[in-house]
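All residue numbers for the sequence shown refer to the numbering used here, where the first residue is 142 and numbers rise by one.
The C-beta atom is built at its ideal place from N, Cα and C for all residues, glycine as well.
These notes concern the structure reproduced below.
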Amino acid sequence: LRYIPNNHTITSLIGILINSLFGVNILYLRLISFIFFILIIFTISYKEKNNFIPLLLLAIYFSYNTLADYSFLFRGYYFLSFGFVIIYYLLKEIENTKNIKYIYLLSSILLIHSLGSIYFILPILFFLIFKNFKERKYFLIYYFLLPTLAYYIISIPVTGSYVNKELLLKFF
Numbered sequence: 142l143r144y145i146p147n148n149h150t151i152t153s154l155i156g157i158l159i160n161s162l163f164g165v166n167i168l169y170l171r172l173i174s175f176i177f178f179i180l181i182i183f184t185i186s187y188k189e190k191n192n193f194i195p196l197l198l199l200a201i202y203f204s205y206n207t208l209a210d211y212s213f214l215f216r217g218y219y220f221l222s223f224g225f226v227i228i229y230y231l232l233k234e235i236e237n238t239k240n241i242k243y244i245y246l247l248s249s250i251l252l253i254h255s256l257g258s259i260y261f262i263l264p265i266l267f268f269l270i271f272k273n274f275k276e277r278k279y280f281l282i283y284y285f286l287l288p289t290l291a292y293y294i295i296s297i298p299v300t301g302s303y304v305n306k307e308l309l310l311k312f313f
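This is how it looks when you write it as structure tokens:
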């Protein structure tokens, strides 16, 4: 029975909040992923104004047991998927400068949530850097690098001191 924080940071923070409010209830923790799956379907339905794509996603979802299993685990895969769905629709309206800022910020949040998302984030970042460099806009620093670096500058020493607490106690 896994209800403790895992390597998906945002999902773990939501889980800690749920545990502190309602106590340890595995059903509530597992509902986190399912709620993000529902948000994916609603977002696509709203943005596409077409019922075919959400119905296709539901058909794929119900045809693969693994997708259904992952939607009821206390993991962050559906949070990542939801974030990339939002990024996809922001990229469709890339001319809006606000969307570029949101893409950088959301990319930072997704990278903080799971380092494995870097494989999806890097191509997006390269595209945006190239596009913004030609326009002399440097949103990358403020909306991606600073939040990401701030988190990891704090997270790495805290994680290291927690893992090696015996070593830390020798110094104090």
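DSSP state of residue i mapped onto helix, strand, coil
| i | result |
| --- | --- |
| residue 278 | coil |
| residue 205 | coil |
| residue 212 | coil |
| residue 304 | helix |
| residue 257 | helix |
| residue 269 | helix |
Residue environment, residue i, which counts as buried when at least 16 other CB atoms sit within 10 Å
| i | result |
| --- | --- |
| residue 161 | exposed |
| residue 157 | exposed |
| residue 163 | exposed |
Cβ-based neighbour list, residue i, same chain, cut-off 7 Å, excluding 5 preceding and 5 following
| i | result |
| --- | --- |
| residue 195 | 182, 185, 186 |
| residue 261 | 225 |
Range of the contiguous alpha helix (DSSP H) that encloses residue i
| i | result |
| --- | --- |
| residue 223 | 218–233 |
| residue 154 | 150–163 |
| residue 188 | 167–189 |
Beta-carbon contacts of residue i that lie in its chain and below 8 Å, excluding the five residues immediately before and after
| i | result |
| --- | --- |
| residue 255 | 148, 149, 150, 217, 221 |
| residue 352 | With the chain represented from 142 up to 313, any question about residue 352 goes unanswered, as that position is not in the structure. |
Own chain, CB closer than 6 Å to residue i, minus 5 neighbours either side, in chain order
| i | result |
| --- | --- |
| residue 177 | 219, 220, 223 |
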